[in-house]
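S.K.: First the structure, which I've put down as structure tokens, then a few questions once you've had a look.
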Amino acid sequence: MPREITGFSNPLIKRVRSLRDKKHRKREGLFLAEGLRILAEAEEAGFLPEMLFYARESADHPIVKRLVTATEEAGGDVIETIPDILHKLSGKENPQTVIGVYPERIVPLRALDRSQADIWIVAQSLRDPGNLGTILRTGDAVGAGGLILVDDCVDPFSVESVRASMGALFTQKIATARWPDFIAWLRSGPGQLIGTSLNTDHDYQAPRYESPAFLLVGNESQGLPPSYEKDCDILVKMPMMGKADSLNAAVATAVMAYELLNQNRRR
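Read in order, the letters of the sequence shown correspond to residues 2 to 268 in the numbering used here.
Below, the structure is given as structure tokens:
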């Protein structure tokens, strides 16, 4: 049976609230996910929360009931609480109906099976959590194998990144690496590294891409370092007909990812 917590000073409430801060997430190896849609997506992907908080007013919602039952059967901790507590946990004025606490799920590079997908996305020094979450959604949409975060990227398990991913965080494998380690791993097997850059005349639709394709996008403001561009098998850019010289990193990733997908569909 779910237990009830309504006190703001409860130690568990304080502990879970601290997961909004990166240092506490890293220490505990846990992160927060909010909302029926995201938690339902996680369940469909085979992931249930270690802790599930829900407002007593939503106890009869069919998805809440299903999540409560599944979490309890899996040995998770289920807590019925009040909207003010959910607000304290999420930091949002209008908190979601449910909040789940999940273990972080970083996959070692060596554990990735590149043969499982034709498309993989690689992000270097990405800084914006909204971009990271959107790139995860794009990866899910095109059937990518996962997202490899190179160098110092924004935390994929921040509340903002998780929200922006809309559940794709649970369908996409996530790995992290420094650039030398990533290149060494990539060159140990098949895979074409495709860099997006302004420093080329290759139109993004001109090449016939190989599979598996590793789509590399750089930092939002700086792009890819020149030495990283030299390590790419090919550099491409998208035509810009207006005054802007480049697209938002997440938008550029989506355009390129769908070009890769469409080429694969035409084969």
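Idealized CB from N, CA, C, for every residue including glycine. All values derive from a computational prediction rather than experimental measurement.
Leaving out five residues before and five after E161 in sequence, what residues of the same chain have Cβ atoms less than 7 Å from its Cβ?
M.R.: As a first step, residue 161 must be located in the sequence shown, where it is residue number 160. So the qualifying residues of the chain are P130, G131.
S.K.: I'd like the span of the beta strand (DSSP E) that includes M52, first residue to last.
M.R.: Here residue 52 refers to the residue found at position 51 of the sequence shown. Where M52 is concerned, the enclosing beta strand (DSSP E) stretches over 52–56.
S.K.: In chain order, what are the residue ranges of uninterrupted beta strand (DSSP E) at least 3 long that sit wholly in the region 157–219?
M.R.: Complete beta strand (DSSP E) runs here, min 3: 174–178, 193–197, 214–218.
S.K.: According to DSSP, is K238 part of a helix, a strand, or is it coil?
M.R.: As a first step, residue 238 must be located in the sequence shown, where it is residue number 237. If DSSP states are grouped into helix, strand and coil, K238 belongs with the strands.
S.K.: Which of helix, strand or coil does DSSP assign to I6?
M.R.: Numbered from its first residue, the sequence shown carries residue 6 at position 5. In this structure, I6 counts as coil in the three-state DSSP scheme.
S.K.: Would you kindly report the start and end of the unbroken alpha helix (DSSP H) that includes A41?
M.R.: On the sequence shown, residue 41 is found 40 positions in, with the first residue counted as 1. 37–45 is the extent of the alpha helix (DSSP H) around A41.
S.K.: Taking the straight line between their C-alpha atoms, what separation do you get for L40 and P213?
M.R.: On the sequence shown, residue 40 is found 39 positions in, with the first residue counted as 1. On the sequence shown, residue 213 is found 212 positions in, with the first residue counted as 1. Using only the alpha carbons, I get a separation of about 30 Å.
S.K.: Taking Q173 and L127 to be in contact with their CB atoms under 8 Å, please state how far apart those CB atoms are, rounded to whole angstroms.
M.R.: Along the sequence shown, read from residue 1 onward, the residue named residue 173 stands at position 172. Along the sequence shown, read from residue 1 onward, the residue named residue 127 stands at position 126. That belief does not hold up - the Cβ atoms of Q173 and L127 are roughly 14 Å apart, past 8 Å.
S.K.: Could you spell out where the beta strand (DSSP E) holding P227 opens and where it closes?
M.R.: Here residue 227 refers to the residue found at position 226 when the sequence shown is read from its first residue. Here P227 belongs to no beta strand (DSSP E); instead the alpha helix (DSSP H) covers 227–232.
S.K.: If we count the other Cβ atoms within 10 Å of its Cβ and call it buried at 16 or more, is A207 buried or exposed?
M.R.: Here residue 207 is taken as the residue at index 206 of the sequence shown, counted from 1. Answer is exposed; the Cβ neighbour count stays below 16.
S.K.: Once DSSP output is grouped into helix, strand and coil, what is the label at L261?
M.R.: Indexing the sequence shown from 1 puts residue 261 at position 260. Helix, per DSSP.
S.K.: Would you mind sorting P50 into buried or exposed? The rule is 16 or more other CB atoms within 10 Å of its CB.
M.R.: The sequence position of residue 50 within the sequence shown is 49, counting from 1. Answer is buried; the Cβ neighbour count reaches 16.
S.K.: Using the three-state DSSP reduction, which class does D152 fall into: helix, strand or coil?
M.R.: For the purposes of this step, residue 152 is taken as the residue at position 151 of the sequence shown. D152: coil per DSSP, three-state reduction.
S.K.: Under 6 Å Cβ to Cβ from V143, same chain only, skipping five residues before and after it: list those, please.
M.R.: Here residue 143 corresponds to residue number 142 of the sequence shown, with the count starting at 1. If we look at V143 and ignore the five residues flanking it on each side, its Cβ neighbours are I120, A258, L262.
S.K.: So, is L199 buried or exposed, given that buried needs 16 or more other C-beta atoms within 10 angstroms?
M.R.: Position 198 of the sequence shown holds residue 199. That one is exposed.
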